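Mapping the sequence shown onto my numbering, position 168 (from 1) lands on 168, and the numbers just tick up by one.
All C-beta atoms, glycine included, are put in the ideal place defined by N, C-alpha and C.
Owing to the predicted nature of the structure, the values given are computational and were not obtained by experimental measurement.
These notes are about the structure you will find just below.
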Amino acid sequence: MTTNLILKIRPFTQNDIEDIHLYASNPITTQYMLWGPNTIEDTQVFLNYVFSHYSKTPITNFEYGIEFEGKIIGGIALIVDYVAQSAEIGWILNEAYHRRGIVFQAAKEMIALAKSLGMETLHATADSRNIASYKLMEKLGMHHVSTTIHGRFNKLTGQYDLDQVYYELKLK
Ligand SMILES: CC(C)(COP(=O)(O)OP(=O)(O)OC[C@H]1O[C@@H](n2cnc3c(N)ncnc32)[C@H](O)[C@@H]1OP(=O)(O)O)[C@@H](O)C(=O)NCCC(=O)NCCS
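Rendered as structure tokens:
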């Protein structure tokens with residue numbers, strides 16, 4: 001694993017669409033996600049949703065890009081519930097950059113953001129088959145709270161027939 005790469009975690013812009021689409025249209029990268037693989041129209045809809053949240057006060061959906069060597073290579077999201085003082089984290093990375101510590105590093109930045117916003121807990125969910133995602137949660141210090149059998153939507157069947165893991169980290 002490479003640590004301390006020079007990453008920039010920043011809001012997406014319209015110019016990022018091709019970089020985003022590289023990972024969002026990849027059937028392997030998106031296999032355990034609730035969406036995807038995207039068409040370019042789907043990716044534009046995603047960007048429009050993201051932009052609509054940047055102008056809100058206070059911001060609840062911090063949907064940011066991970067920039068490396070001048071390109072967006074992934075996305076990281078912090079969805080904040082100010083009332084519950086709880087935030088959900090999510091991530092995706094272009095497969096050419098996997099296993100270099102990139103999302104671990106990006107997630108640390110988002111956890112610092114969650115703390116600075118006064119969040120008490122951080123949580124994340126994943127398809128129970130998504131070993132990379134839940135191992136990353138564990139490396140971040142998150143602990144396994146539950147596995148819900150048939151608790152996750154399956155985009156291929158349209159049913160809740162997948163199992164979902166839920167992880168949490170106390171921030172205070
Ligand atoms: C999950 C994902 C974002 C991880 O990103 P990444 O930058 O490759 O992860 P990192 O290199 O920061 O890995 C950090 C730790 O996570 C764990 N990990 C990451 N990938 C793993 C894998 N394929 N198998 C097992 N553990 C893995 C390891 O503990 C790793 O630490 P180590 O390399 O020191 O052992 C990436 O695999 C991905 O984009 N997957 C597809 C999209 C997706 O499923 N998103 C989550 C939806 S819930």
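On the CB-based measure, 16 or more other CB atoms within 10 Å of its CB, does residue i come out buried or exposed?
| i | result |
| --- | --- |
| Y49 | exposed |
| E67 | buried |
| E120 | exposed |
| T39 | exposed |
| T2 | In this prediction, T2 scores a pLDDT of 49, lower than 50, which makes its location untrustworthy; no coordinate-derived value is stated. |
| D81 | exposed |
| I131 | exposed |
| H144 | exposed |
| H98 | exposed |
| F12 | buried |
| T125 | buried |
| A84 | exposed |
Using a threshold of 8 Å, is the CB atom of residue i nearer than that to any non-hydrogen atom of ligand 1?
| i | result |
| --- | --- |
| V145 | no |
| I72 | no |
| Y82 | no |
| Q85 | no |
| S25 | no |
| V50 | no |
Go to residue i, then tell me how far its beta strand (DSSP E) extends in each direction, as first and last residue.
| i | result |
| --- | --- |
| N154 | H143 to N154 |
Over what stretch of residues does the alpha helix (DSSP H) that includes residue i continue unbroken?
| i | result |
| --- | --- |
| Y167 | Unbroken run through Y167 is the beta strand (DSSP E), Q159 to K170; no alpha helix (DSSP H). |
| S52 | I40 to Y54 |
| I9 | Unbroken run through I9 is the beta strand (DSSP E), L7 to P11; no alpha helix (DSSP H). |
| H18 | First, the residue type needs correcting, since residue 18 is Glu and not His in the sequence shown. Looking at the DSSP string, the run of the alpha helix (DSSP H) that includes E18 is I17 to A24. |
Grouping DSSP H, G and I as helix and E and B as strand, with all else coil, what is residue i?
| i | result |
| --- | --- |
| L117 | coil |
| Y134 | helix |
| A84 | coil |
| I73 | strand |
| Y32 | coil |
| I89 | strand |
| I59 | coil |
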